[in-house]
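Undergrad: Chains as they are written, first to last, in the working numbering: chain A, 18 to 373; chain B, 13 to 165.
Quick one: the structure is below, questions incoming.
Have a look at this one:
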């Protein structure tokens, strides 16, 4: 073991491992009846890493041009050993990733974990959701199949409604006035370089804030502790919390691999601009609540409504004076529940009654 | 032996370690297999049409695609363009560091520009760093096409 000791000492002398280990050894996580939600954030982080690894693997064979993209994905799915598995994991994990970010965000919202001093954690978190949706939107086009082509046409079209720079933004996104191979190459660049860079930076900040401030304890639990009704319980991060994390990650990977094996992700048919759109075209599920809303309200109202709601959502912690003072805030709970129900209901309608 | 009791904690740690290790191996195997590409089409090429009869004059060379790598076809100085015996063909991949070689009409030699390697028209190293001769290909003429194949000459 002296070899290990020597190695440890070599590194310790240079990067002060003692200090880091002491921090990890003393790091604790609050333990109470709502602490299950604490694991969702770690799960998102894990899925992001899965996406990075499978994404790099896909890059070994993927070709980002209109002529070769579809065929290269077909090649991955049929010729490359375990290619079907790698691509299916990338697709399933992507959807689970976005789904769990929503769960993470709403659990944080309903427990008012964004309250002072964690406003910056909240803001970086919402930015990460937007970046993840950007990943989803850009990645969807990359296999260059018919549905992706249509969805990208519809999705990028909204850019033209941006005040003053709409036309410019549309051309910037599409690499021209129409969705073409130029769009594919551009989206590829966004998907594998721009978004990963931005996400790494914002994620780094997000994790830094979480480490500096520790986990937030819900107000209701804080109140019980203050009134002496419940003791303040904590568990060590190492190894207790991490073991539970790893258990969750293992189960998640098992589920994703199971789904990938039983139902490998479909490729669809190659994009053809001469083909008319089939009925009931839908965007990816996490855009459906917005897409469905636009069937009921004028386009401008819907688009600007969501834009304003999005900005308000990011800034919400700054206006929740009650929670910031440590008092329960029913109004914000109602807003949170309404947002969840609204999104769930419109998504369901979008899937169950596509013609409505 | 046999009667010794393993402490419960030790046994659990062992199982946990073995489980995580097995999971790691089960993750790595597909990744390693994925990284190794399936045999590419063209890699097993053994015969290609390198040029047309009359395309090369005496003391001229041409680089052609042999599968996924370049080959070099040369009509020897004073060689007969319509006879297979007038030609020689080699892989154009230098045996030193895989640069593509070229025919130097002025020297009547095959030359690698990367590190000034010289080969004669039998593929033998005349000077420079290449360690071994260029692999020679067989030349045959069918109709007006010059075929090059990698079978033993």
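The C-beta atom is built at its ideal place from N, Cα and C for all residues, glycine as well.
If you draw a straight line from the alpha carbon of residue 87(B) to that of residue 141(B), how long is it in whole angstroms?
TA: Using only the alpha carbons, I get a separation of about 25 Å.
Undergrad: Whether or not the region 196-214 of chain A and the region 308-321 of chain A are in contact is what I'm after, with contact meaning three or more pairs of Cβ atoms, one per stretch, closer than 8 Å; do they touch?
TA: no
Undergrad: I believe residue 118(A) touches residue 273(A) by the beta-carbon criterion, under 8 Å. Please report the beta-carbon distance rounded to the nearest angstrom.
TA: So it is not a contact: roughly 16 Å between Cβ atoms.
Undergrad: Do we get a CB-CB distance below 9 Å when we pair residue 263(A) with the residues of chain B?
TA: yes
Undergrad: Straight-line CA distance for residue 240(A) to residue 26(B)?
TA: 42 Å
Undergrad: According to DSSP, is residue 188(A) part of a helix, a strand, or is it coil?
TA: helix
Undergrad: Would you please verify whether the beta carbon of residue 40(B) is less than 9 Å from any beta carbon of chain A?
TA: No, residue 40(B) lies away from the interface with chain A (no Cβ there is under 9 Å from its Cβ).
Undergrad: Closer than 7 Å by beta-carbon distance: list the chain B residues that pair up with residue 99(A), in chain order.
TA: 42, 45 and 46
Undergrad: At 4 residues or longer, and completely inside the region 232-271 of chain A: list those alpha helix (DSSP H) runs for me, N to C.
TA: Assignment of alpha helix (DSSP H) within the region 232-271 of chain A, counting only whole runs of 4 or more residues, yields 236-243 in chain order.
Undergrad: Please list, in chain order, the residues of the region 252-282 of chain A that have any C-beta partner in chain B closer than 7 Å.
TA: 267
Undergrad: If you measure between the beta carbons of residue 102(A) and residue 277(A), is that distance less than 9 Å?
TA: yes
Undergrad: Can you list, in chain order, the residues of its chain with a C-beta nearer than 6 Å to that of residue 38(A)? Leave out the 5 residues immediately preceding and following it.
TA: none
Undergrad: From residue 44(B) to residue 136(B), what does the alpha carbon distance come to, in whole angstroms?
TA: 39 Å
Undergrad: Using 9 Å as the limit for Cβ to Cβ distance, is residue 96(A) near chain B?
TA: yes
Undergrad: Within 9 Å of any Cβ in chain B, is that where the Cβ of residue 379(A) sits?
TA: The first residue shown for chain A is 18 and the last is 373, placing residue 379(A) beyond what the model contains.
Undergrad: Just to confirm the assignment, what range does the alpha helix (DSSP H) spanning residue 108(A) have?
TA: First-last of the alpha helix (DSSP H) with residue 108(A): 100-127.
Undergrad: Just list the beta strand (DSSP E) runs in the region 28-92 of chain A, keeping only unbroken ones of 3 residues or longer that don't cross its boundaries, in chain order.
TA: 45-47
Undergrad: Judging by CA-CA distance, which residue of 72(B), 85(B), 39(B) and 65(B) is the nearest neighbour of residue 161(B)?
TA: Closest option to residue 161(B), judged by alpha-carbon separation, among 72(B), 85(B), 39(B) and 65(B): 85(B).
Undergrad: Listed from N- to C-terminal order along the chain, which residues in the region 75-106 of chain B have their beta-carbon within a distance smaller than 9 Å of any beta-carbon of chain A?
TA: none
Undergrad: Residues of chain B with CB under 8 Å from residue 90(A), in chain order?
TA: Those within 8 Å of residue 90(A) in chain B number zero; the least Cβ separation is about 14 Å.
Undergrad: I'd like the list of long-range same chain contacts for residue 9(A), defined as Cβ closer than 7 Å, with 5 residues on each side in sequence excluded.
TA: Outside the modelled stretch of chain A, which goes from 18 to 373, sits residue 9(A), for which no answer is possible.
Undergrad: Just mark residue 101(B) as buried or exposed, buried being the case when its beta carbon has 16 or more other beta carbons within 10 Å.
TA: buried
Undergrad: Note down the Cα distance separating residue 183(A) from residue 176(A), rounded to an integer number of angstroms.
TA: 6 Å
Undergrad: Of all Cβ atoms in chain A, is any one closer than 9 Å to the Cβ of residue 11(B)?
TA: Residue coverage of chain B in this structure runs from 13 to 165, which leaves residue 11(B) outside it and unanswerable.
Undergrad: Based on DSSP bridge pairs, tell me the residues matched to residue 122(B).
TA: 115(B) and 131(B)
Undergrad: Does residue 145(A) pass the burial test, meaning 16 or more other C-beta atoms within 10 Å, or should it be called exposed?
TA: buried
Undergrad: Let me check understanding here. Comparing Cα to Cα, which of 281(A), 269(A) and 131(A) lies closest to residue 335(A)?
TA: 131(A)
Undergrad: Is it buried or exposed, residue 337(A), if we count other Cβ atoms within 10 angstroms and call 16 or more buried?
TA: The residue is buried, with at least 16 neighbouring Cβ atoms inside 10 Å.
Undergrad: Between the region 25-37 of chain B and chain A, which residues of the former have a C-beta closer than 7 Å to a C-beta of the latter?
TA: 35
Undergrad: Write down the C-beta distance between residue 87(A) and residue 292(A) rounded to the nearest angstrom, noting that I regard them as a contact closer than 8 Å.
TA: Wrong, their Cβ atoms sit about 14 Å apart, outside the cutoff.
Undergrad: Using DSSP with H/G/I as helix, E/B as strand and the rest coil, what is residue 328(A)?
TA: Residue 328(A) sits in a helix when the DSSP states are folded into three classes.
Undergrad: Assign residue 71(B) to one of three DSSP states: helix, strand, or coil.
TA: coil
Undergrad: Could you tell me which chain B residues have their CB closer than 7 Å to the CB of residue 298(A), listed as they occur along the chain?
TA: Near residue 298(A) there are no residues of chain B at all, since even the closest Cβ is about 33 Å away, more than 7 Å.
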